[in-house]
Amino acid sequence: MIVEPLENLARTHTCGELTAADIGKDVVLLGWVHRVRDLGALVFVDLRDRHGLTQVVARDNDTLVANAKQLRSEFVIAVCGRVEARGADAVNPKMKTGEVEVTANAIRLLNEAKVPPFGIADDPPISEDMRLKYRYLDLRRPRMQHNLALRHRATMEIRKYFDEQGFLEIETPMLTKSTPEGARDYLVPSRVHPGEFYALPQSPQIFKQILMISGMDRYFQIVKCFRDEDLRADRQPEFTQVDVEISFATEDLVFSVLEPLMDRLMAIVGTQAPRPFLRLPYAEAIAKYGTDKPDLRCGMEIRNLSDAFAESNFSVFRTAIATGGDVRGFVVPGAAKYSRRELDELVEQAKQLGAAGLVWARASDAGVQSPALKAAGEGAIRTALERAGAAPSDLLVMAAGAPEATSRMLGQLRLNVAKKENLLDPDAFAFLWVVDFPMFEWLEEEGRYEFMHHPFTAPLESDRHLLETDQGRARARAYDLVLNGSEIGGGSIRIHDQSLQQLVFKLLGISDEEARLRFGFFVDALVYGTPPHGGIALGLDRIAAILCGEASIRDVIAFPKTTQAVDLMAGAPSAVSEKQLRELRIKPV
RNA sequence: GGGGUCGUAGUUCAGUUGGUUAGAACGCCGGCCUGUCACGCCGGAGGUCGCGAGUUCGAGUCUCGUCGGCCCCGCCA
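As structure tokens, this is what we get:
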């Protein structure tokens, strides 16, 4: 069988659409050989394209059958034939097209294929480096085709929605100016200006604010951003933001635009995003869940149980409380049945998370049990169980120490327990806004404050007076959108007043001179009638991953990089020629 | 930068206490088969045990180093 040109053969149907309604039609199918079942004088070929599988049968024609026998996995073929009903006992209920088959009268080989390093048809578990090296084959698998199609639908829905809401999609530069704060920049050398560099944008932040100054009113952009930091399952060096900015915005306005969008995205996977979303102040999120991105699918709220132990003889807890610490804990539902070994494991986990120790307690039929029973007294333990709301079937875990550190540790433990106990329903979608972030974060090593969000974030009006007196306590008009414990977006109401902006730069230790050097054009622009404005940036990769039920954003990106920021398929990064370096006047250090 | 884990046939893996010729499944190649659909049956080929040192009479197995994948901490305005 020889490879032939396509010529004027046109596809009449995809491989996923033929049904009993098409019986009797003459069709042309084009696609990849998924599998061949050679029964001697009768050969079945499953033909595959992005839309599905159709069974092709070759028989009653010696040349045709002989050709079909030579087909191998992933050969590209054209099939001309007639749609026929399968016999009652030959119907395949597992296939969408299983009621019919195409009886071929001609099979044209369009291209051969080398034996692939892994089978597409078998869908085996393949190691990720193999998948990434042969990404073009990995992307042929139904899982990836489904993921990329779902991502496409989400993208289209987003564009449609913002268009309906009167937003303009405006592109901003990829070659822009480095700003040393935040993440490390990817730099691009300028040939025309030796020794000078562009930076790839970490986000279009300043440009979108300038678009508000320009009167664009409502802007969005689905845009690549670049950050040269270490990678994670949910972090790639280049990733896609849905960037949004609104003039005359308040938090309420931003939320009222975003929440219906989330509902539309949920509709793609047949569910909803009940509105309005919960708004949880940052401080409360830390206290109750030990994180600024709580997963609300699993309950297990962290409680302050200091009261129960303040008067007790249990010195570990009493000392912690006396030195300004707290006893905090949460209830693991149904875990009173934990074995000694499971309990020890919990304690061990807590220690690995940095806890000095972990005390558990339960009040089952056998009476109150806890390693601290003797030291703390049954009364204190009973009070703690009661305060925490523990039922007889539940287990209470407690730790003592500095309030925030204790909550953060318990928050980690809470997530571990939730995973172990399968409390995180994969079909549930728990949205919330985390609001009232601190303006600044104290950097211990550098002995100075740093902005938590970015330097253009406005303070809460009520906290504005704290900026110069107690900046560590000042809260910002910043918010994060959290879905199932994943930060899928973050934004703020911005500063639109030049003097306030200069004050914030000053508080961050950025001198006037420095501010001018880095943000001069932006500060200049602020004085020409800047409307109050604010916005948000959504992590499209993370949203797509959650919609697809994938644990890693690599599975919703066509060509992702490894955790070492390498493209295993393209082989990037790589050395470049001397000539290129000379042109750029760059010498490796 | 740090911690954890993995690396054996094309692929996914097994490989006992350090001991003969390193196995299985799928895939691949050849043959048979007219109703299969993860077709079946018969036969066959296929290995730098990631790489490099070391210990040992002997290393897939133990030690050190190194490279790579993944997860986490730091980092990620």
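Residue numbers (my numbering): 10 to 598.
Idealized CB from N, CA, C, for every residue including glycine.
Asked: Taking 8 Å as the threshold (C-beta atoms), are VAL253 and ILE499 in contact?; Found: Reading off the sequence, residue 499 comes out as Gly, not Ile. No, the pair does not count as a contact, with Cβ atoms beyond the cut-off.
Asked: Leaving out five residues before and five after LEU274 in sequence, what residues of the same chain have Cβ atoms less than 8 Å from its Cβ?; Found: ALA163, GLU166, ILE167, ALA282, ILE552, LEU556
Asked: Span of the beta strand (DSSP E) holding SER256?; Found: 247-256
Asked: Using the beta-carbon count (16 or more within 10 Å), is GLY204 buried or exposed?; Found: exposed
Asked: Take HIS463 as the anchor and find which of PHE528, ILE277, PRO133 has the nearest alpha-carbon.; Found: PHE528
Asked: On the DSSP bridge assignment, give the partners of THR185 in chain order.; Found: ALA208
Asked: Exposed or buried, which one is VAL12 when buried takes at least 16 other CB atoms within 10 Å?; Found: exposed
Asked: Just reading off the alpha helix (DSSP H) that MET153 is part of, what are its end residues?; Found: 151-173
Asked: Distance, Cα to Cα, GLU395 vs GLY61?; Found: 57 Å
Asked: Going along the chain, which residues of its own chain have a beta-carbon closer than 8 Å to the beta-carbon of ARG391, five neighbours each way excluded?; Found: ALA372, VAL377
Asked: So LEU405 packs on VAL340, CB below 8 Å; how close in whole Å?; Found: 5 Å
Asked: Can you check which of these residues, MET418, ASP316, GLU190, LYS186, is closest to LEU209 by C-alpha distance?; Found: LYS186
Asked: Which one of ASP436, SER223, SER471 has the shortest CA to CA distance from LEU535?; Found: SER223
Asked: Are the beta-carbon atoms of ARG46 and CYS24 separated by less than 8 Å?; Found: no
Asked: Give the C-beta separation of GLN64 and ASP55 to the nearest angstrom, bearing in mind that I take them to be a contact with Cβ-Cβ under 8 Å.; Found: 6 Å
Asked: The alpha helix (DSSP H) that contains GLN480, what's its start and end?; Found: Neither: GLN480 is in no alpha helix (DSSP H) and is coded neither H nor E.
Asked: Tell me which residue opens and which closes the alpha helix (DSSP H) that PRO412 is part of.; Found: 412-429
Asked: Helix, strand or coil for LEU600 per DSSP?; Found: Outside the modelled stretch of the chain, which goes from 10 to 598, sits residue 600, for which no answer is possible.
Asked: Touch check for the segment 438-450 and the segment 285-298: three-plus C-beta pairs under 8 Å?; Found: yes
Asked: Run through DSSP, which three-state label would ILE86 get?; Found: strand
Asked: With respect to 7 Å, is the separation between the Cβ of VAL406 and the closest non-hydrogen atom of the ligand COA below this value?; Found: The model on display carries no ligand, and the ligand COA is accordingly not part of it.
Asked: Which full runs of the beta strand (DSSP E) of 3+ residues lie inside the segment 443-501, going along the chain?; Found: 449-452, 457-460, 487-492
Asked: Would DSSP call CYS557 helix, strand or coil?; Found: helix
Asked: By how many angstroms is the C-alpha of ALA276 removed from the C-alpha of LEU433?; Found: 20 Å
Asked: So if DSSP puts GLY544 in a beta bridge, which residue, or which two residues, is it bridged to?; Found: GLU254, SER501
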